[in-house]
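**Student:**
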Amino acid sequence: MERSRNPRDRRSASGKPSGKPSGKKFSPPRKTQPKNEEPRRTEPEIPQEIYREEIDKQLLHELSSLASDNAEQTARHLLALVHFLPEDPVRAHEHGIAASARAGRVGRVRELAGIAAYHARKFDVALRELKTAFRITGDPSFWPIMADSQRGLGEPLKALELGRAPEVAKLEKDEQVELRIVMAGARRDLKEFDAAITSLKCKELTEDNPLWAARLRYAYADALAAAGHSALAREWFSKAASVDINQETDARERERALEK
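This note's numbering puts the first residue of the sequence shown at 1238, with every later residue one more than the last.
And the structure:
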């Protein structure tokens, strides 16, 4: 489905010799890049430990439309992306660029490239990659990341538009909660603090589901604090901290700060 991006050999456009001296002095031919030839790409180095990892069969299946060498190298870049994402999102993003260049018509590749770009704060790239992934796959699961990328670009109104799109109804519960958090952030970007608080009042706020409890309560407490409701914010930071077993947030620190 996707051709390799390795550039063709560059050749100078010197004509065939006529075998007869012309009396003219010729300069050496200039090394120009032929028209329609893509510039040479420099891909990030893949660590040796990545080459020792076994490639998931499902991933290889998704890359089966590619030439075998290209599929394997693309998969290695995706493994490197996942490897670096938690600690070095910029490096993960570089591998996302390489994978996307090699397999731009594979939805999973564009999705992972977009997620890496988002974590590297390359919000314009994230939007482009994720919109393309959605066009290919029809999967809206990364809708919250797209909306938050619009916020990152300083466009909260466009983020709110995404929150009203029909695709939202297709999201899983945890994805809907994540989008709710992003929408509240967009309201705060617009200085609509009361609207942000209201948008976070939902039945999930009192549920102890580990997929969203800490982040949703933290967002609610943060919105309360931004609106000047310090006492109530402190209460909800405490509730967020009580379920934040993986320490995803700094809820406990925020709670203590409001006690002063």
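Glycine included, each C-beta is placed from N, C-alpha and C at the ideal position. Model, not experiment: these values are computed from the prediction.
Mind checking E1366: buried by the 16 CB within 10 Å criterion, or exposed?
**Tutor:** So E1366 ends up on the buried side.
**Student:** Would you call the stretch 1393-1403 in contact with the stretch 1366-1375, where contact means no fewer than 3 C-beta pairs closer than 8 angstroms?
**Tutor:** Flag = no, the stretch 1393-1403 and the stretch 1366-1375 do not touch.
**Student:** Would Y1355 and D1385 be called neighbours here (beta carbons separated by less than 9 angstroms)?
**Tutor:** In contact: Y1355 and D1385 (Cβ atoms closer than 9 angstroms).
**Student:** Between which residues of its own chain and A1357 is the CB-CB distance below 6 angstroms, once the five residues before and five after are set aside?
**Tutor:** Once the five neighbours on either side are set aside, the close Cβ partners of A1357 are P1326, V1327 and H1330.
**Student:** Given 8 angstroms as the limit, is there contact between the stretch 1444-1453 and the stretch 1422-1432, that is, 3 or more CB pairs closer than that?
**Tutor:** No: fewer than three Cβ pairs fall under 8 angstroms.
**Student:** Can you tell me the Cα-Cα spacing of R1342 and E1492, whole angstroms?
**Tutor:** Roughly 47 angstroms separates the two Cα atoms.
**Student:** With distances taken from CA atoms, which of Y1288, T1486, R1417 and W1380 is nearest R1313?
**Tutor:** Checking every option, the nearest Cα to that of R1313 belongs to Y1288.
**Student:** What first and last residue would you give for the alpha helix (DSSP H) that runs through K1294?
**Tutor:** Unbroken alpha helix (DSSP H) run through K1294: K1294 to E1299.
**Student:** Is P1381 helix, strand or coil by DSSP?
**Tutor:** If DSSP states are grouped into helix, strand and coil, P1381 belongs with the helices.
**Student:** Just to confirm, is the Cβ distance from P1378 to E1324 under 9 angstroms?
**Tutor:** Contrary to the premise, residue 1378 reads as Ser rather than Pro in this sequence. No, the Cβ-Cβ distance between S1378 and E1324 is not below 9 angstroms.
**Student:** Could you check what DSSP says for I1482 in three-state terms: helix, strand or coil?
**Tutor:** Coil, per DSSP.
**Student:** Tell me the rounded alpha-carbon separation between A1462 and T1486.
**Tutor:** Each residue's alpha carbon lies about 15 angstroms from the other.
**Student:** In the DSSP assignment, the alpha helix (DSSP H) including R1372 goes from what residue to what residue?
**Tutor:** Residues F1360 to T1374.
**Student:** Buried or exposed: which applies to T1435, given that a residue is buried once 16 or more other Cβ atoms fall within 10 Å of its Cβ?
**Tutor:** Classification for T1435: exposed.
**Student:** Answer with buried or exposed for A1478, where buried requires no fewer than 16 other C-beta atoms within 10 angstroms of its C-beta.
**Tutor:** When all chains shown are included, A1478 counts as buried.
**Student:** Indicate the three-state DSSP secondary structure (helix, strand or coil) for I1283 in the structure shown.
**Tutor:** Three-state result, I1283: coil.
**Student:** Go through its chain and collect everything with a Cβ distance to A1363's Cβ below 6 angstroms, but skip five positions before and after it.
**Tutor:** Same-chain partners within the cutoff: G1351, A1354, Y1355 and S1386.
**Student:** Tell me which residue opens and which closes the alpha helix (DSSP H) that N1307 is part of.
**Tutor:** Element bounds for N1307: S1305 to F1321.
**Student:** Indicate whether L1316 and E1290 have their beta-carbon atoms separated by less than 9 angstroms.
**Tutor:** Going by C-beta atoms, L1316 is nearer than 9 angstroms to E1290.
**Student:** Between the alpha carbons of L1297 and L1399, how many angstroms are there, rounded?
**Tutor:** C-alpha separation (whole angstroms): 32 angstroms.
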